[in-house]
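Peer 1: The structure that follows is given in the form of structure tokens.
Okay, structure coming up:
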């Protein structure tokens, strides 16, 4: 599945989930209620969702571009790998 097709499939499923009041975070894929997510809608369609947990751990930038919406996220804390001790 191409990244474009995957994005369209996510948006379609997210739209159905939003109608029942639950949505999957685009970053961690966990389901959360609409009252626990930041959502971005464009022309009546859900294009991005971010749960409060991920929003608390990342600085997120959303901005419009000629091709759509650009979303960038940066972790607020470093990722420590292999810390034995």
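Numbering (this note's numbering), first residue to last: 2 to 86. A virtual CB, placed ideally from N, CA and C, is assigned to each residue, including glycine. In this text, all values refer to a predicted model and were calculated from it rather than measured experimentally.
From residue 15 to residue 82, what does the alpha carbon distance come to, in whole angstroms?
Peer 2: 33 Å
Peer 1: For residue 41, which residues from the same chain have a beta carbon less than 7 Å from its beta carbon, with the 5 sequence-adjacent residues on both sides left out?
Peer 2: So the list reads 48, 49, 63 and 70, once near-sequence residues are dropped.
Peer 1: Out of 68, 59 and 73, which one is the CA nearest neighbour of residue 80?
Peer 2: Comparing Cα positions, the closest option is 59.
Peer 1: According to DSSP, is residue 57 part of a helix, a strand, or is it coil?
Peer 2: Correct three-state label for residue 57: helix.
Peer 1: By DSSP, does residue 65 sit in helix, in strand, or in coil?
Peer 2: It is a strand residue.
Peer 1: Looking only at its chain, what residues have a beta carbon closer than 6 Å to the beta carbon of residue 19, apart from the 5 residues adjacent to it on each side?
Peer 2: If we look at residue 19 and ignore the five residues flanking it on each side, its Cβ neighbours are 47.
Peer 1: Exposed or buried, residue 35, counting other C-beta atoms within 10 Å across all chains shown (16 or more means buried)?
Peer 2: So residue 35 counts as exposed.
Peer 1: With 16 as the cutoff for other CB atoms within 10 Å, does residue 51 come out buried or exposed?
Peer 2: Buried, because 16 or more other Cβ atoms sit within 10 Å of the Cβ of residue 51.
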